[in-house]
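Q: Residue numbers (our numbering), protein chains in the order written: chain A, 101 to 250; chain B, 24 to 341. Beta carbons are placed, not taken as given, at the ideal position from N, Cα and C, and that holds for glycine. Here the structure is a predicted model, which means the values were calculated and not measured. Okay, here's the structure, questions in a sec.
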Amino acid sequence: MEPGKNQRLFKDKPIKVLLAKPGIDGHDRGMFVLAKAFRDAGMDVIYAGLLPTPEEVVDTAVNEDVDVIALSLLNGAHLTVFKKVVDLMTKRGIDDIAVVGGGTIPDEDKPKLEKMGISGNYGPGTPLSVIIEHITERAIEARKKKLGIQ
Amino acid sequence: MNKEELIEGILRGDRRAVSRAISILEASMNAELGRFILNSIYPHTGKSQIIGITGPPGVGKSTMIGKLCELLVEQGSNLAVLAVDASSPFTNGSILGNRIRMQSDLTKSGVYMRSLSTHGVSGGLSRAVWEATSVLEAAGHDTILVETVGAGQADLDILELADTIAVVLAPGLGDELQAIKAGIMEIGNIFIVNKKDREGAYLSMKEIEDILSINPGKGWNPPVVGTNSLTGEGFDELIRYISEHNRYEKDNGGKKRRRVYNTILMAVKMRLDSMVAEELEVVRERLSAEEQLHSRNPYEIADEYLKEDVKRLISFAK
Numbered sequence: 101m102e103p104g105k106n107q108r109l110f111k112d113k114p115i116k117v118l119l120a121k122p123g124i125d126g127h128d129r130g131m132f133v134l135a136k137a138f139r140d141a142g143m144d145v146i147y148a149g150l151l152p153t154p155e156e157v158v159d160t161a162v163n164e165d166v167d168v169i170a171l172s173l174l175n176g177a178h179l180t181v182f183k184k185v186v187d188l189m190t191k192r193g194i195d196d197i198a199v200v201g202g203g204t205i206p207d208e209d210k211p212k213l214e215k216m217g218i219s220g221n222y223g224p225g226t227p228l229s230v231i232i233e234h235i236t237e238r239a240i241e242a243r244k245k246k247l248g249i250q
Numbered sequence: 024m025n026k027e028e029l030i031e032g033i034l035r036g037d038r039r040a041v042s043r044a045i046s047i048l049e050a051s052m053n054a055e056l057g058r059f060i061l062n063s064i065y066p067h068t069g070k071s072q073i074i075g076i077t078g079p080p081g082v083g084k085s086t087m088i089g090k091l092c093e094l095l096v097e098q099g100s101n102l103a104v105l106a107v108d109a110s111s112p113f114t115n116g117s118i119l120g121n122r123i124r125m126q127s128d129l130t131k132s133g134v135y136m137r138s139l140s141t142h143g144v145s146g147g148l149s150r151a152v153w154e155a156t157s158v159l160e161a162a163g164h165d166t167i168l169v170e171t172v173g174a175g176q177a178d179l180d181i182l183e184l185a186d187t188i189a190v191v192l193a194p195g196l197g198d199e200l201q202a203i204k205a206g207i208m209e210i211g212n213i214f215i216v217n218k219k220d221r222e223g224a225y226l227s228m229k230e231i232e233d234i235l236s237i238n239p240g241k242g243w244n245p246p247v248v249g250t251n252s253l254t255g256e257g258f259d260e261l262i263r264y265i266s267e268h269n270r271y272e273k274d275n276g277g278k279k280r281r282r283v284y285n286t287i288l289m290a291v292k293m294r295l296d297s298m299v300a301e302e303l304e305v306v307r308e309r310l311s312a313e314e315q316l317h318s319r320n321p322y323e324i325a326d327e328y329l330k331e332d333v334k335r336l337i338s339f340a341k
């Protein structure tokens, strides 16, 4: 969009994404790449910082009312930690926030994550446009549920 | 969740209800529901102390709020935080980075914090801040900390919202002349020189004190306090000033009443703005269709366009 042409002020609220690396993982260069790409795609981006607990991730997602939680790990703990995030959400009855995953996730683990409702699960080398498209898709889903208040 | 449950949830202080209400008001994505929420919660607002934290980017506002959360909660305050960050003028996207500076304190103290994007509005706050503040008041928070974007000299919207304004500065930002300039240096009820451990902090404090003492007013004279968010130095003093100013405002201030007045004016302005935005869109389309405008006086062209369109705008306003 050209500068000064921002007339979206009175239209819809942008997609809001929480980026998080729950568990012990201190490599957040990739998170910054994603944060900037999402911002450039017109989203509101919150980064949860290094080493948040799954509880913190869910609390933040609720307080900020995000549309999508984007989780990433490269240390192999995804089946444990991602699951914990999803379990906490189920326990609190949260069904209007989508969860996507990414990082170094072996192919054989992807169906297990999908089964938990964690989609995407992209690895290194994935074009940013693919990730943005997927997040947008899931965000629309979540937003529809949020708008269910009558 | 139906809308009655939503209101009930807000008044109970339920975080999901509060968060959802703020989203609805932030988006104007469901104007009717937004209006219902505001109508229902407004009788429950107007009792909290709203503290504005403003100042240039990078002086440590967010970190300071983290520390304040810890200390104010210890003193029994039912606190909530709103923090505004800037949106991109090109894509409308934003990185809401305030939270990261205070996350560990938020977790420890259990304080509710919400990040908001300016979504293209200048002035240092987002439009949704007023509504979000009302939601938090209705949810029973007695103190609400509002952090502006990293403010320039003229980002003064906080003046219309806060009961107490703390202007946060850091050493080395400028000399005495900088301190007597119009704008942000006039609006503080409390001036804070943060990063007190840095070189020049004492001098900065003295310079601001000097300028403030040139013509002391009758009522509240803004104090200057040096702080260090990492060690907690100066925070006892800061919190004392905050509660002193709260008492002063309650006894003498007309800020609450002025705020009601200003909020109504702003609501009118927002309605007009949205009409103007639509109007601009029409003009933009017409302009892009025409060529060779560059050799003419832009004001004349504007008049030409308005002659026809202003009538439509007026009839629309009716």
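In chain A, which residues lie less than 7 angstroms from residue 140 of chain B when you measure between Cβ atoms?
A: Going along chain A in sequence order, the residues near residue 140 of chain B (Cβ under 7 angstroms) are 144.
Q: Give the residues of chain A in contact with residue 130 of chain B, contact being defined as C-beta atoms less than 9 angstroms apart.
A: Correct list: 152, 153, 155, 156, 159.
Q: Out of A/215, A/122, A/247, A/232, point me to the one whose CA is closest to residue 161 of chain A's CA.
A: Closest option to residue 161 of chain A, Cα to Cα, is A/122.
Q: Counting C-beta neighbours from all protein chains within 10 Å, is the total for residue 183 of chain B 16 or more, i.e. buried, or is it exposed?
A: With 16 or more other Cβ atoms within 10 Å, it is buried.
Q: Contact defined as beta carbons within less than 8 angstroms: I believe residue 122 of chain B pairs with residue 136 of chain B. What is the distance between those atoms, to the nearest angstrom?
A: Their Cβ separation, rounded to whole angstroms, is 6 angstroms, which keeps residue 122 of chain B and residue 136 of chain B in contact under 8 angstroms.
Q: Would a check of beta-carbon distances place residue 252 of chain B closer than 8 angstroms to chain A?
A: Closer than 8 angstroms: no.
Q: Quick one: is residue 115 of chain A buried, meaning 16 or more other Cβ sit within 10 Å of its Cβ, or exposed?
A: Buried: at least 16 other Cβ atoms inside 10 Å.
Q: Helix or strand or just coil, what does DSSP make of residue 286 of chain B?
A: Here residue 286 of chain B sits in helix by DSSP.
Q: Identify the contact partners of residue 135 of chain A in chain B, using a Cβ-Cβ distance below 8 angstroms as the criterion.
A: Simply 118.
Q: Can you list the residues of chain B that residue 255 of chain A reaches, using a CB-CB cut of under 8 angstroms?
A: What is shown of chain A runs 101 to 250, which leaves residue 255 of chain A out entirely.
Q: With H, G and I counted as helix, E and B as strand and the rest as coil, what does DSSP make of residue 72 of chain B?
A: If DSSP states are grouped into helix, strand and coil, residue 72 of chain B belongs with the strands.
Q: Using a cut-off of 8 angstroms between C-beta atoms, extract the partners of residue 294 of chain B located in chain A.
A: Ordered by position in chain A, no residue passes the 8 angstroms Cβ test against residue 294 of chain B, which lies about 11 angstroms from the chain.
Q: Please report the distance separating the alpha-carbon of residue 343 of chain B from that of residue 26 of chain B.
A: Chain B is shown from 24 up to 341; residue 343 of chain B falls before or after that span and cannot be answered.
Q: Helix, strand or coil for residue 195 of chain A, going by three-state DSSP, please let me know.
A: Residue state, collapsed to three classes: coil.
Q: Among B/118, B/44, B/179, which one has its Cα closest to the Cα of residue 165 of chain A?
A: The candidate whose alpha carbon is nearest that of residue 165 of chain A is B/44.
Q: Within the continuous alpha helix (DSSP H) that includes residue 32 of chain B, where are the two ends?
A: That run of the alpha helix (DSSP H) goes 26-35.
Q: Compute the Euclidean distance between the alpha carbons of residue 197 of chain A and residue 168 of chain A, then round it to the nearest angstrom.
A: In a straight line, the C-alpha of residue 197 of chain A is about 6 angstroms away from that of residue 168 of chain A.
Q: Pick out whichever of A/229, A/132, A/188 has its Cα sitting closest to the Cα of residue 117 of chain B.
A: Measuring from the Cα of residue 117 of chain B, the nearest candidate turns out to be A/132.
Q: Within 8 angstroms, do at least three Cβ pairs link the stretch 210-224 of chain B to the stretch 244-259 of chain B?
A: Cβ pair count under 8 angstroms is three or more, so yes.
Q: Thinking residue 107 of chain B and residue 171 of chain B are a contact (beta carbons under 8 angstroms), I'd like their distance in whole angstroms, please.
A: About 6 angstroms; that satisfies the 8 angstroms criterion.
Q: For a test of the three-state rule: what should DSSP assign to residue 143 of chain A, helix, strand or coil?
A: It is coil, neither helix nor strand.
Q: Would you call the stretch 56-65 of chain B and the stretch 157-165 of chain B in contact, with 3 or more CB pairs under 8 angstroms?
A: Yes, since at least three Cβ pairs between the stretch 56-65 of chain B and the stretch 157-165 of chain B fall closer than 8 angstroms, the two stretches touch.
Q: Given that a residue counts as buried once 16 or more other Cβ atoms are within 10 Å of its Cβ, and exposed if not, what is residue 225 of chain B?
A: The residue is exposed, with fewer than 16 neighbouring Cβ atoms inside 10 Å.
Q: Cα-Cα, which of A/149, A/210, A/192 is closest to residue 127 of chain A?
A: It is A/149 whose Cα lies nearest to the Cα of residue 127 of chain A.
Q: Would a C-beta distance cut-off of 8 angstroms place residue 235 of chain B and residue 244 of chain B closer than the cut-off?
A: Yes, Cβ-Cβ distance for residue 235 of chain B and residue 244 of chain B is below 8 angstroms.
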